[in-house]
């Protein structure tokens, strides 16, 4: 898997679309609401579901369920690792800027050591990716979800997924900053 620059959430959705289209499928690929799988497609309504699922698995996704022609799926642990490998992004917190709450949370997550992924840690990563699809003016809503999930995990002593979530959030914030500076980004 190639190193992602720009918004990793949008890069994952693009990869899923390309895999589905390459398998002969057609249909939408959308982000699901909070909780559960990250993405959903209706391609199984037009093409054999097993064929679509196999294409998604080859592209680095785990298929959660297929029901009524909809396939819910998320990036595999290997895909998450590939997205978050390498040096941590250098993030500067602009305490006077509108993105400072998200920047501060990303910074706190980046200070955590990597740990083996638990189910809660994996879900934190998925929720972080889901935030990447939000427009800049709605990032605050996403931060509330991430903070609440991380707080519940920390009460139980679980830091799993926080380092990865910090890297993803930092990459997404850099994309938002580039867009607000007038430069075009992914």
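In the working numbering, the protein residues as written are 598 to 783.
Here a beta-carbon is modelled for each residue, glycine too, at the ideal position from N, C-alpha and C.
Checklist entry - Residues in its own chain within less than 8 angstroms of residue 690 by CB, not counting five upstream and five downstream? => result So the qualifying residues of the chain are 697, 700, 701 and 704.
Item to check | Residue environment, residue 630, which counts as buried when at least 16 other CB atoms sit within 10 Å | outcome: Exposed is the call here.
Checklist entry - Beta-carbon of residue 673 versus every beta-carbon of chain B: anything under 7 angstroms? => result Looking at the structure shown, chain B is missing, and only one protein chain is on hand.
Next on the checklist: Let me check one thing: in DSSP terms, what residues is residue 663 bridge-paired to?
Outcome noted: According to DSSP, residue 663 bridges with 668.
Next on the checklist: Whole angstroms are fine: how far does the CA of residue 769 sit from the CA of residue 712?
Outcome noted: Between residue 712 and residue 769, the C-alpha separation is close to 22 angstroms.
Checklist entry - Would you say residue 605 and residue 680 are within 7 angstroms of each other, going by their C-beta atoms? => result The answer is yes: Cβ separation under 7 angstroms.
Next on the checklist: Mapping the DSSP letters down to three states, classify residue 779 as helix, strand or coil.
Outcome noted: Residue confidence is low: residue 779 scores 41 on pLDDT, short of 50, so the model does not pin down where it sits. No coordinate-derived value is stated.
Item to check | Beta carbon of residue 620 nearer than 7 angstroms to that of residue 654 | outcome: With contacts defined by Cβ atoms closer than 7 angstroms, residue 620 and residue 654 do not form a contacting pair.
Item to check | Length of the line joining the Cα atoms of residue 707 and residue 662 | outcome: Going by the C-alpha atoms only, they are around 32 angstroms apart.
Checklist entry - Residues in its own chain within less than 6 angstroms of residue 763 by CB, not counting five upstream and five downstream? => result Within its own chain, the residues whose Cβ lies closer than 6 angstroms to the Cβ of residue 763, once the five positions on either side in sequence are excluded, are 703, 706 and 707, listed in chain order.
Next on the checklist: Let me make sure I understand the geometry here. Which of 748, 740, 729 and 734 has the alpha-carbon closest to that of residue 636?
Outcome noted: Across the set 748, 740, 729 and 734, the C-alpha of 729 shows the shortest separation from the C-alpha of residue 636.
Checklist entry - What are the start and end residues of the alpha helix (DSSP H) that includes residue 607? => result Per DSSP, residue 607 is one residue of the alpha helix (DSSP H) stretching across 605–619.
Checklist entry - Secondary structure at residue 643, three-state DSSP: helix, strand or coil? => result The three-state secondary structure of residue 643, taken from DSSP, is coil.
Next on the checklist: Alpha carbons only, please: which of 632, 756, 752 and 767 is nearest the one belonging to residue 671?
Outcome noted: For residue 671, the closest of 632, 756, 752 and 767 by C-alpha to C-alpha distance is 632.
Checklist entry - Could you give the residue range of the beta strand (DSSP E) that holds residue 711? => result For residue 711, there is no enclosing beta strand (DSSP E), as DSSP marks it with neither H nor E.
Item to check | DSSP state of residue 743 mapped onto helix, strand, coil | outcome: Assignment of residue 743 by DSSP, reduced to helix, strand and coil, places it in the helix class.
Item to check | Alpha carbon of residue 643 to alpha carbon of residue 614, nearest angstrom | outcome: Approximately 14 angstroms, taken between the alpha carbons.
Item to check | For residue 625, the three-state DSSP class (helix, strand or coil) | outcome: Coil.
Item to check | residue 636 - DSSP class collapsed to helix/strand/coil | outcome: Residue state, collapsed to three classes: strand.
Checklist entry - Is the Cβ-Cβ distance between residue 625 and residue 639 less than 7 angstroms? => result Going by C-beta atoms, residue 625 is nearer than 7 angstroms to residue 639.
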